Structure formats: structure tokens, C-alpha cells
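These protein sequence lines are chains F and U, in that order. Quick note, the first sequence lines up with residues 1 to 154 if you use our numbering. Quick note, the second sequence lines up with residues 1 to 154 if you use our numbering. Since the structure comes first, as C-alpha cells, the remarks are kept for the end.
There are 2 protein chains.
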Amino acid sequence: MALKLKSPAPAPVESAGPSNPLEQLLGYQLRRASQAMMADLGTELADLDLKVTEMSVLMVIEENQDITQSEIGRVLAIQRANMVPLTTQLERRGLLRKGVTTGRAQALRLTPAGRALMRECRKRVARHEARFLAGIGKTQREALLRHLRMVWEG
Amino acid sequence: MALKLKSPAPAPVESAGPSNPLEQLLGYQLRRASQAMMADLGTELADLDLKVTEMSVLMVIEENQDITQSEIGRVLAIQRANMVPLTTQLERRGLLRKGVTTGRAQALRLTPAGRALMRECRKRVARHEARFLAGIGKTQREALLRHLRMVWEG
DNA sequence: GTTTTAATGCTATATATCATAACATACAAG
DNA sequence: CTTGTATGTTATGATATATAGCATTAAAAC
């Protein structure tokens, strides 16, 4: 089943390493860039025992008092079912509280501890963002963000 | 005032829709854009019974005859251990063959069936990319790709 | 007023992705 | 010969994500 190769020996001119045909694809570049930033932010928040998704949820709640789980899910593209362990975990840690509005909907809002944690998070996120935007001019940043939004909003 | 993201058509007085404080973050935009393109490409390749990662591996092999698993992993940022089920699966489907070079390394190359499948894949990928790059000028595409590479290559 | 519809929270489950540790083998360098 | 390094491999765990179904609640339809 194994095929044999005639020349086992020395790399003739191949000192340039393997080429990557995916490099010119937007989808590939997006994936790599996203993975890099997600990993970096993850380590940045590690000692706070906060995952990126958890922080995102808290940020949306802080900006939208009394929002419901389902609404957060729609905003962040998180399945309704997957919101449940997120909010229960954050409530157990005393970072948010669940109130009742209408129907089964629960009005979520941050506790003082949650808001304090968010202050620290915002600082770290700002540092994190600045790190990756370092080599990009200010005017080009707007174009970059605009184009990215066009990609996923269609 | 918060920035809005919803449809501008109706003017509901009480509900302006929740605001998303993450929208101005590069990391968030990258994640959403990457998710959107990954999902789209996934459905595009679904009837070929090919996952995006599998197609990526095949593309790298086609462009780099006799590359090894570990090298592919380094190029695509896939763990060595996670390459194993990928290549064994693709070999079982007759899309690639494993040869032997030096040491334990296996020289991978596509079979004719693999190359034929790649021809179809390239067409679909081209359509897929064009779909998402539709609203972006040609000169700005280069800037976009360049900036994305800066993000993850540091 | 009763029935129907829709939306929310929730559970359970499956799958997919990704990371880590350990091991055996093969080759190179000391 | 010993040591070191790299590869393929297995096993395992953690995480993320998706799907289906259920109960409850409110509003809409009749």
C-alpha cells in the first residue's frame, strides 16, 4: 500500500517550506485571525475565571438592562438552549440577577459585583484590541470593521 | 445614544431593539464573520461529504506533494494528534495515499479521485468567496486580506 | 370564554472541535 | 552506544455547538 520514492535524500531547492494555497482566501484569513484573537482574549480573561462568551453576555446585559436570555442569544448568535447554563453559572457567581417581567421571560441585570468585574474586563479588552490593531491605521480600522460586518450581515 | 443594528423601516416607539456593545470590537466582528463564512462553506461542501477542514487538508496536499501530516498541522494550525483521524479518513475514502519517506514520516499525495474532487471544490470555493466579497472593491480586498494576516501573524 | 398560536426557559443529548498526555518507532547527533 | 528529536498514534478530556422535546405563560384567533 505504500508507494516508494526514488529520491530520499537531500532537499534540492525546497528550502522555502510548504506553501499554503488557502492564504489568499478570505474565509481562511478570517478563521485564523479569529482564532488568534479568541485565544489571546481567553488567556487575558483566564485569571478572572471568565470565558469570552461569558464576558460577552455580561457586556450585553450591562448595555441592555432587563434584557432576556433569548434576546441575548439572538444578538450574539447563541442558541436559546445554550444560554441556560451560561446565565445560571453567572447568577451562581453573583454577577447577575434574574428578575421577572412578563410571561416566562426573565429580566437580567448585573449585580454590583458584575459591574465591577466588567470595569476590569473593559480595560483588558481595550488592551487586547489595541494589541492586534497596532499596525493598522486609524482610518483603515473603520474600513476593516465595516467590511467585516458586511461579510456576516450580508 | 446607542447604535442600532435593526431594520430601519418600522419606527416602533418603545422597542428600538437591544444594542450590541461588542459591535465595535475587532475580535467580535472577526468571530461573526468567520462563523458566517464557515457555515456557508460547510453547506456548500455538504453534499460532497467533505468538511471544511478535510478540504483544507486536501488543498494543502495538492499544492505540496509528499508533505507529511505534521507539516500540514503546522501550516493549518491543527494539532498533530488531530491530524490522524483526518488523514486516515481521507485515505479510506480513496482521496489520498500515504507513502514513506524517512523516519516515520508519511509522504501524502492525492489520488486521481482526490484531484478530481479538488477541481469541484475549487469551483465551489470560488463561488463561496465571491459571494462574500461582493460588496468590497478589488483594491480594498487586498487591504482586507493583508490586515487579517497582520492580525494573526503578529 | 375557549382554543390556538407563539415565545420563553429548560432538559437532555448528540456532535464537533480542540487540547493534552503518553507511548513506540525511526533517525540523527553526541 | 547513548541521547535527543520528530513523527505517527492512541486515549482522553474539555469545550462548543446543534437538535429535539417539554412545560409554562401570554397573546391572538375563534
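C-beta atoms are modelled at their ideal positions from N, C-alpha and C, and glycine is treated no differently. This structure is a prediction, so every number in the text was calculated from the model and none was measured.
*Can a CB atom of chain U be found closer than 8 Å to the CB of glycine 135 (chain F)?*
Locating residue 135 (chain F) in the first sequence gives position 135, counting from the first residue. Yes, its Cβ sits closer than 8 Å to a Cβ of chain U.
*By a C-beta neighbour count over all protein chains shown, 10 Å radius and 16 as the cutoff for buried, is glutamate 23 (chain F) buried or exposed?*
Numbered from 1 along the first sequence, position 23 holds the residue referred to as residue 23 (chain F). Burial call: exposed.
*Does DSSP put lysine 4 (chain U) in a helix, a strand or coil?*
Taking the first residue of the second sequence as position 1, residue 4 (chain U) is located at position 4. Unreliable positioning characterises lysine 4 (chain U) in this predicted model, as indicated by a pLDDT of 38, which lies under 50. A coordinate reading is not provided.
*Across which residues does DSSP place glycine 94 (chain F) in a beta bridge pair?*
Residue numbering aside, residue 94 (chain F) sits at position 94 when the first sequence is read from its first letter. DSSP lists no partner for glycine 94 (chain F).
*For alanine 134 (chain F), which three-state DSSP category applies?*
Start at 1 with the first residue of the first sequence, and residue 134 (chain F) comes out as number 134. In the structure shown, alanine 134 (chain F) sits in coil (DSSP, three-state: anything other than H, G, I, E or B).
*Evaluate arginine 31 (chain U) with the Cβ neighbour count: other Cβ atoms within 10 Å of its Cβ, from every protein chain shown; 16 or more gives buried, anything less gives exposed.*
To locate residue 31 (chain U), count along the second sequence from 1; it is residue 31. It is buried - the Cβ of arginine 31 (chain U) has at least 16 other Cβ atoms within 10 Å.
*asked:* On a Cα-Cα basis, can you pick out the residue from U:Glu153, U:Ile136 and U:Gly114 that is closest to isoleucine 61 (chain U)?
replied: Within the second sequence, numbered from 1, the residue matching residue 61 (chain U) stands at position 61. It is U:Gly114 whose Cα lies nearest to the Cα of isoleucine 61 (chain U).
_Where alanine 107 (chain U) falls, given that 16 or more other Cβ within 10 Å makes a residue buried_ = Position 107 of the second sequence, counted from the start, is the residue given in the question as residue 107 (chain U). Label assigned to alanine 107 (chain U): buried.
*Within 10 angstroms of its Cβ, does glutamine 69 (chain F) collect 16 or more other Cβ (buried), or is it exposed?*
Within the first sequence, numbered from 1, the residue matching residue 69 (chain F) stands at position 69. Buried, because 16 or more other Cβ atoms sit within 10 Å of the Cβ of glutamine 69 (chain F).
*Taking only the alpha-carbon atoms, compute the straight-line gap between asparagine 20 (chain F) and aspartate 66 (chain U) and give it to the nearest angstrom.*
In the first sequence, residue 20 (chain F) corresponds to position 20, counting from 1. In the second sequence, residue 66 (chain U) corresponds to position 66, counting from 1. Roughly 14 Å separates the two Cα atoms.
*Along chain U, which residues have their Cβ under 9 Å away from the Cβ of valine 64 (chain F)?*
In the first sequence, counting from the first residue as 1, residue 64 (chain F) sits at position 64. For the sequence presented, residue 64 (chain F) should be read as asparagine rather than valine. What asparagine 64 (chain F) touches in chain U: Ala2, Pro18, Ser19, Asn20 and Pro21.
*Pick out whichever of U:Glu71, U:Pro18, U:Ala16 and U:Gly27 has its Cα sitting closest to the Cα of arginine 127 (chain F).*
Translated into the one-based positions of the first sequence, residue 127 (chain F) becomes position 127. Cα-wise, what sits closest to arginine 127 (chain F) is U:Gly27.
*Check the Cβ of arginine 80 (chain U) against every Cβ in chain F and list those closer than 7 Å, keeping chain order.*
Walking along the second sequence from the start, residue 80 (chain U) turns up at place 80. Per Cβ cutoff of 7 Å: no residues; arginine 80 (chain U) is ~15 Å from chain F at best.
*Name, in chain order, the residues that DSSP records as bridge partners for isoleucine 67 (chain U).*
Locating residue 67 (chain U) in the second sequence gives position 67, where the first residue counts as 1. U:Leu108, per the DSSP bridge assignment.
_Residue from F:Lys138, F:Gly94, F:Leu45 and F:His147 whose Cα sits closest to the Cα of arginine 122 (chain F)_ = By one-based count along the first sequence, residue 122 (chain F) stands at place 122. Checking every option, the nearest Cα to that of arginine 122 (chain F) belongs to F:Leu45.
*Inspect the beta-carbon positions of valine 57 (chain U) and leucine 110 (chain U) and report whether they are closer than 8 Å.*
Translated into the one-based positions of the second sequence, residue 57 (chain U) becomes position 57. Translated into the one-based positions of the second sequence, residue 110 (chain U) becomes position 110. Not in contact: valine 57 (chain U) and leucine 110 (chain U) (Cβ atoms no closer than 8 Å).
*How many Å lie between glycine 17 (chain F) and glutamate 63 (chain U) at the Cα?*
As a first step, residue 17 (chain F) is located in the first sequence; it is residue number 17 there, counting from the start. As a first step, residue 63 (chain U) is located in the second sequence; it is residue number 63 there, counting from the start. Distance between the alpha carbons of glycine 17 (chain F) and glutamate 63 (chain U) is about 12 Å.
*Can you find a C-beta in chain U that's less than 8 Å from the C-beta of lysine 138 (chain F)?*
Taking the first residue of the first sequence as 1, we reach residue 138 (chain F) at position 138. With 8 Å as the cut-off, lysine 138 (chain F) does not count as an interface residue toward chain U.
*C-alpha gap between arginine 168 (chain U) and arginine 80 (chain U), whole angstroms*: A query on residue 168 (chain U) cannot be resolved here, the shown segment of chain U reaching from 1 to 154 and no further.
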